[in-house]
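These notes are about the structure you will find just below.
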Amino acid sequence: ETGVTQSPTHLIKTRGQQVTLRCSSQSGHNTVSWYQQALGQGPQFIFQYYREEENGRGNFPPRFSGLQFPNYSSELNVNALELDDSALYLCASSNGQGWEETQYFGPGTRLLVL
Amino acid sequence: AQSVTQLDSQVPVFEEAPVELRCNYSSSVSVYLFWYVQYPNQGLQLLLKYLSGSTLVKGINGFEAEFNKSQTSFHLRKPSVHISDTAEYFCAVSEYGGATNKLIFGTGTLLAVQP
Numbered sequence: 002e003t004g005v006t007q008s009p010t011h012l013i014k015t016r017g018q019q020v021t022l023r024c025s026s027q028s029g030h031n032t033v034s035w036y037q038q039a040l041g042q043g044p045q046f047i048f049q050y051y052r053e054e055e056n057g058r059g060n061f062p063p064r065f066s067g068l069q070f071p072n073y074s075s076e077l078n079v080n081a082l083e084l085d086d087s088a089l090y091l092c093a094s095s096n097g098q099g100w101e102e103t104q105y106f107g108p109g110t111r112l113l114v115l
Numbered sequence: 057a058q059s060v061t062q063l064d065s066q067v068p069v070f071e072e073a074p075v076e077l078r079c080n081y082s083s084s085v086s087v088y089l090f091w092y093v094q095y096p097n098q099g100l101q102l103l104l105k106y107l108s109g110s111t112l113v114k115g116i117n118g119f120e121a122e123f124n125k126s127q128t129s130f131h132l133r134k135p136s137v138h139i140s141d142t143a144e145y146f147c148a149v150s151e152y153g154g155a156t157n158k159l160i161f162g163t164g165t166l167l168a169v170q171p
């Protein structure tokens with residue numbers, strides 16, 4: 002069973018640029034959530050995709066957007082990058098949207114915005 | 057508003073000593089509770105979770121946690137820690153009846169095990 006994978010592992014961008022982060026969910030999982038973890042903080046929920054539809058969003062501006070594909074892999078896109086977007090971006094997958102479901106996390110993509 | 061509080065940002069402890077990492081939550085609805093561990097430069101790994109039933113939950117690597125509804129707490133314990141337990145520990149909740157199963161995390165506790 003393949004776990005959650007993310008690419009790239011590290012990324013450096015400059016302010017104003019756009020970035021795309023990718024996530025492959027664990028085999029059999031149809032729900033993907035994205036989290037932002039700033040340095041020294043706990044992860045913050047960005048949004049969730051279930052069967053290719055966004056079904057929940059945290060307190061993040063519209064320049065954070067995403068996609069989920071038929072194979073349940075997912076992308077996180079961030080436009081007009083700001084310095085405060087520097088963080089570890091975590092993808093988590095689960096088998097459905099049940100509140101009791103365990104979310105399995107990938108290793109993350111560390112984004113640095115200069 | 058729902059929130060998770062981890063009062064201790066860092067807990068230093070000697071190897072083979074017991075440890076308790078504290079977690080309190082605030083929510084107007086029922087919650088499910090989770091503890092995750094994050095080793096340096098890695099993602100989060102589930103240690104244990106409480107859904108219902110017995111309030112004492114056992115997890116991996118010898119950790120356990122006890123749910124106390126009246127005190128809205130879910131403290132993590134280990135009777136004897138190892139150097140390899142050095143990591144960041146996060147308490148999280150998901151709210152029953154929420155639109156998603158998003159996790160709300162605390163700010164984390166760094167467990168620093170010293171020889």
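Quick mapping for you: the protein sequence lines, in order, are chains W and A.
Residue numbering for the first sequence follows the working numbering, starting at 2 and increasing by one per position.
Residue numbering for the second sequence follows the working numbering, starting at 57 and increasing by one per position.
For every residue, glycine included, the Cβ atom is placed at its ideal position computed from N, Cα and C.
Source: prediction; values computed, not measured.
Scanning its chain for C-beta atoms nearer than 8 Å, with the 5 sequence neighbours on each side dropped, one finds around A168 of chain A the residues Q66, V67, P68, V69 and T142, in chain order. When Cβ-Cβ separations below 9 Å define contact, E101 of chain W makes contact with chain A. When the Cα atoms are used, Y90 of chain W and S150 of chain A turn out to be separated by approximately 19 Å.
In the DSSP assignment, P68 of chain A falls within the beta strand (DSSP E) that extends over Q66 to F70.
The closest CA to that of P135 of chain A, considering only A:G118, A:F123 and A:N124, is found on A:G118. Within chain W, G43 and P44 have C-beta atoms less than 7 Å from the C-beta of F161 of chain A, given in sequence order.
Think of a sphere of 7 Å around the beta carbon of K105 of chain A: the chain W residues whose beta carbon falls inside it are T103, in chain order.
In the displayed model, L113 of chain W falls within a strand according to three-state DSSP. Rounded to the nearest whole angstrom, the C-alpha separation of G17 of chain W and S95 of chain W is 33 Å. At a cut-off of 3 residues, the continuous stretches assigned as beta strand (DSSP E) that sit fully inside the stretch 49-105 of chain W are 54-58, 65-69, 75-79 and 88-95.
Judged by DSSP in its simplified three-state form, N117 of chain A adopts helix. N80 of chain A is bridged by DSSP to A:T61 and A:S129.
Inter-residue distance for Y50 of chain W and V75 of chain A is about 37 Å (C-alpha atoms, whole angstroms).
In summary, A88 of chain W is buried, with 16 or more beta-carbon neighbours lying within 10 Å of its beta-carbon over all protein chains present. Residue-level contact by beta carbon fails for G17 of chain W and chain A, as no gap is shorter than 9 Å.
With contact defined as three or more Cβ pairs closer than 8 Å, the stretch 94-114 of chain A and the stretch 98-111 of chain W are in contact. Close CB contacts of E72 of chain A within its chain, under the 6 Å cut and outside five residues either way in sequence, are with S136 (chain order).
Between the stretch 33-45 of chain W and the stretch 153-168 of chain A there are three or more C-beta pairs closer than 8 Å, enough to call the two in contact. Rounded to the nearest whole angstrom, the CA to CA distance from V114 of chain W to T15 of chain W is 5 Å.
By the Cβ neighbour-count rule, A148 of chain A is buried, with 16 or more other Cβ atoms within 10 Å of its own. Sorting W:L84, W:E55 and W:V5 by C-alpha distance to the C-alpha of G29 of chain W places W:V5 at the top.
About 7 Å separates the Cβ atoms of L112 of chain W and D86 of chain W, confirming a contact at the 8 Å cut-off.
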